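In our numbering, the protein residues as written are 1487 to 1961.
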Ligand code: B12
Ligand code: SF4
C-alpha cells in the first residue's frame, strides 16, 4: 500500500530544530505515513508548495507573532491550489486562539495543547472519513463554516510518548547553517510557575511534566553517539525543577562519559534551593550556562507579576554560580503595565550590581511586550491592551520592537542609554586608554545619570575603531 504523505511545516526562520514537529511526527506510524518536515529556516515557500502537491495532510506549528500571518498567507495559497488538502494548525498560538485560527478559510482543524495523542487520531478520522467532533483537543470547521471546539484532551504523561526521532530532519544541515554543533532537546513540558505575563500557566495550568531521568540520559546518550554535538541546549521552560532528577541526569551524563557543554533555564528561587554539592555535580556533568528569567529588580513588581521569587533568591543563586564558575544570562523586563519609575530604577540598579559582581554574567534588559492571551491582561484592565480580533492583526504585534506603551519617551531614552553604557562599563578586554571612559560610564550607571552623553558617542566611535583588536563583548 502506498504510504500517505504528511507534510509538517514550521514557519520560523530561526536556527532551532523544529522540536514540536519532530515530537508529533515521532508518534506517527512510519509504515503507514511518509513524513516530510519543512522549515522556513531551511526551505523556501516554493519548496513547501511543491511538497504538499501529493500530500494527504499539512500540519503547521505557530507561535504568536508575525510568523502566524506568513504561515496563514502560505496556507491560503496552498488551499487555493489544493482545496481538498486538510490543513491542521497546532502550537502555542493555536492553543491560545483556536477558534480564531480555524475561522480562517484556509485552516480546517486546530489542535489545543500537546499534539502527540490528538494528531494521529485526526489523521485516522480523515482517512476513514469520520467526524472529528468527538476527538478531544481538537477544533473543527463544519461544512457550513461554523467552528466546533471539542473538550480539551486530558494532559498525558509525556513518558508514554515515543522518543523524538531526530532522523526526521537533517541535523548536520542545521549544525552547518548554525555554525555550531548545538543540539536542542526538551526534557519536560509545562512549568509549575504562575507568572501572569506568561502563557505557560494559561495552557498547562501550572503543571510540570518531566521525562524520567533515566529516559533523558538514555536518549541523550543515543543522540550524542549519533550526532557528536558539542553543546546541548535544553529548551525546557523550567529545567531545574526537581533536584532528585537533576542528580540522576548529571550522574547519568558522567557515567556515560558524555562530553558536551549544556545549558538550561533556572528560576532564581530554584537556584537558592540547589546546594553547592549539586551545583558542583552539574558543573562536572557539563553545565556551563543557566538562563534566569528574573524579570524585575523590584519586589513590588515581582509580586504583581506573581513571579514567586525574591531578590534574596537572586543574590544567593548568583553567589553559587560565581563560586562554581557557571555563566548566567539573567533576563529582566521593564515597562509592565502600571510599573512605577521607582520600580524601573530598582531593576536598573540590580542589573548594574550584577555586572559589577561578575562580568561573566550577561544581563538582558527587555521592555515589556504585550502578548495576547496572558492573564496579566485581566489584572491590569483592558486599557491600553490591544484586543486581538483576527490573525491578520498579528502583523502589527511587533514583538521585536522595544517601544512600549507603558513607558514614557524619557523613560525609553533612559533605558536605551543605560543599556549603551552598560555594554562597555565592565568589559575586561578593552585597551587601557578606555579606562577613563569606562570609569565615567560606571559613575553614570551608579547614579543613573545619563545627560550630556558626548562620552558615549566617543566610546562608540573608539569601540568601532578598535574592533579588530577587541574580541567582542566578553561578558
Ligand atoms: C524553541 C522556542 C522558540 C524557537 C522556535 C520555536 C518553534 N518554532 O516552535 C524560537 C527561537 C523561534 C522562538 C521564538 C519565540 N518564542 Co519561543 N519558545 C521556544 C521554547 C523554549 C521551546 C519550544 C519547543 O520546541 N517545545 C517543545 C515542543 C515539543 O513542544 P511545543 O512547541 O509545545 O509543541 C507541542 C504542542 O504545542 C503541539 N504542537 C505544536 N505544533 C504543532 C503542530 C501541529 C500540526 C499539531 C497537531 C500539534 C502541534 O504538539 C507539540 C508536541 O506536544 C518554548 C517554551 C517551551 N518549553 O515549549 C518557547 C515559547 C513557545 N516561545 C514563546 C515566545 C514568547 C517566543 C517569542 C515571542 C520570543 C520573543 N520575545 O521574541 C518568539 C516568537 C517568534 C515567532 N512568532 O515566531 C512562548 C509562547 C508564546 C506564544 N504565545 O506563542 C513560549 C511558550 C515561551 C514562554 N513560556 O513564554 N521560540
Ligand atoms: S515566566 Fe517562566 S517561571 Fe513563570 S510561568 Fe512562564 S515559564 Fe514558568
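Glycine included, every Cβ here is placed at the ideal spot set by N, Cα and C. Predicted model only: the values in this text are computed from it and were never measured.
Residue closest to residue i, alpha-carbon to alpha-carbon, out of the options
{"i": "residue 1694", "options": "1643, 1784, 1860 and 1823", "result": "1643"}
{"i": "residue 1703", "options": "1691, 1807 and 1720", "result": "1720"}
{"i": "residue 1892", "options": "1839, 1680, 1825 and 1747", "result": "1825"}
{"i": "residue 1717", "options": "1706, 1788 and 1723", "result": "1706"}
{"i": "residue 1818", "options": "1834, 1806, 1807 and 1812", "result": "1834"}
{"i": "residue 1762", "options": "1729, 1739 and 1890", "result": "1729"}
{"i": "residue 1657", "options": "1747, 1488, 1647 and 1504", "result": "1504"}
{"i": "residue 1662", "options": "1590, 1681 and 1502", "result": "1502"}
{"i": "residue 1793", "options": "1714, 1895 and 1683", "result": "1683"}
{"i": "residue 1606", "options": "1714, 1490 and 1903", "result": "1490"}
{"i": "residue 1568", "options": "1631, 1946, 1535 and 1689", "result": "1535"}
{"i": "residue 1791", "options": "1859, 1739, 1680 and 1773", "result": "1680"}
{"i": "residue 1687", "options": "1785, 1935, 1515 and 1582", "result": "1582"}
{"i": "residue 1921", "options": "1629, 1846, 1949 and 1573", "result": "1949"}
{"i": "residue 1589", "options": "1772, 1630 and 1929", "result": "1630"}
{"i": "residue 1545", "options": "1778, 1789 and 1609", "result": "1609"}
{"i": "residue 1841", "options": "1935, 1559 and 1928", "result": "1928"}
{"i": "residue 1823", "options": "1871, 1778, 1799 and 1804", "result": "1871"}
{"i": "residue 1722", "options": "1734, 1760 and 1777", "result": "1777"}
{"i": "residue 1470", "options": "1519, 1531, 1559 and 1558", "result": "Not covered by the structure: residue 1470. The range shown for the chain is 1487 to 1961."}
Cβ-Cβ separation, residue j to residue i (assumed contact under 8 Å), whole Å
{"i": "residue 1639", "j": "residue 1599", "result": "6 Å"}
{"i": "residue 1820", "j": "residue 1849", "result": "Not really, about 12 Å apart at Cβ, beyond 8 Å."}
{"i": "residue 1624", "j": "residue 1604", "result": "6 Å"}
{"i": "residue 1593", "j": "residue 1561", "result": "6 Å"}
{"i": "residue 1508", "j": "residue 1650", "result": "5 Å"}
{"i": "residue 1732", "j": "residue 1671", "result": "No, residue 1732 and residue 1671 are not in contact; Cβ-Cβ is about 15 Å, not under 8 Å."}
{"i": "residue 1755", "j": "residue 1795", "result": "5 Å"}
{"i": "residue 1633", "j": "residue 1585", "result": "5 Å"}
{"i": "residue 1434", "j": "residue 1897", "result": "In the structure as shown, the chain starts at 1487 and stops at 1961, and residue 1434 therefore has no counterpart that could be examined."}
{"i": "residue 1804", "j": "residue 1843", "result": "7 Å"}
{"i": "residue 1549", "j": "residue 1579", "result": "6 Å"}
{"i": "residue 1936", "j": "residue 1903", "result": "4 Å"}
8 Å CB neighbourhood of residue i in its chain, flanking five on each side removed
{"i": "residue 1506", "result": "1496, 1547, 1576, 1577 and 1601"}
{"i": "residue 1944", "result": "1923"}
{"i": "residue 1715", "result": "1661, 1667, 1668, 1669, 1709 and 1746"}
{"i": "residue 1690", "result": "1599, 1641, 1675, 1676 and 1677"}
{"i": "residue 1664", "result": "1501"}
{"i": "residue 1769", "result": "1810, 1811 and 1812"}
Short Cβ contact (7 Å threshold) for residue i with residue j
{"i": "residue 1802", "j": "residue 1758", "result": "yes"}
{"i": "residue 1522", "j": "residue 1498", "result": "no"}
{"i": "residue 1725", "j": "residue 1751", "result": "yes"}
{"i": "residue 1783", "j": "residue 1832", "result": "yes"}
{"i": "residue 1816", "j": "residue 1780", "result": "yes"}
{"i": "residue 1926", "j": "residue 1941", "result": "yes"}
{"i": "residue 1874", "j": "residue 1554", "result": "no"}
{"i": "residue 1636", "j": "residue 1622", "result": "yes"}
{"i": "residue 1461", "j": "residue 1810", "result": "In this structure the chain extends from 1487 to 1961, so residue 1461 is not present and cannot be described."}
{"i": "residue 1551", "j": "residue 1685", "result": "no"}
{"i": "residue 1907", "j": "residue 1931", "result": "yes"}
{"i": "residue 1767", "j": "residue 1748", "result": "no"}
{"i": "residue 1538", "j": "residue 1574", "result": "no"}
{"i": "residue 1510", "j": "residue 1572", "result": "no"}
Same chain, Cβ closer than 7 Å to residue i, neighbours up to 5 away in sequence not counted
{"i": "residue 1529", "result": "none"}
{"i": "residue 1785", "result": "1796 and 1797"}
As assigned by DSSP and simplified to three states, the class of residue i
{"i": "residue 1901", "result": "helix"}
{"i": "residue 1813", "result": "strand"}
{"i": "residue 1661", "result": "helix"}
{"i": "residue 1907", "result": "helix"}
{"i": "residue 1924", "result": "helix"}
{"i": "residue 1670", "result": "strand"}
{"i": "residue 1563", "result": "helix"}
{"i": "residue 1696", "result": "strand"}
{"i": "residue 1619", "result": "coil"}
{"i": "residue 1488", "result": "coil"}
{"i": "residue 1676", "result": "strand"}
{"i": "residue 1655", "result": "coil"}
{"i": "residue 1774", "result": "strand"}
{"i": "residue 1805", "result": "helix"}
{"i": "residue 1496", "result": "strand"}
{"i": "residue 1760", "result": "coil"}
Close-in-space but distant-in-sequence residues of the same chain around residue i (CB under 6 Å, 5 per side omitted)
{"i": "residue 1744", "result": "1710"}
{"i": "residue 1958", "result": "In this prediction, residue 1958 has a pLDDT of 35, which is less than 50 and means its spatial position is unreliable; what the coordinates show is noted afterwards. Cβ within range, chain order: n/a, list empty."}
{"i": "residue 1890", "result": "1821, 1853 and 1854"}
{"i": "residue 1655", "result": "1523"}
{"i": "residue 1807", "result": "1814"}
{"i": "residue 1961", "result": "Summary for residue 1961: the model assigns pLDDT 30, below 50, so the residue's position carries little reliability, and this model does not support an answer."}
{"i": "residue 1736", "result": "1767, 1768 and 1771"}
{"i": "residue 1627", "result": "1588, 1594 and 1633"}
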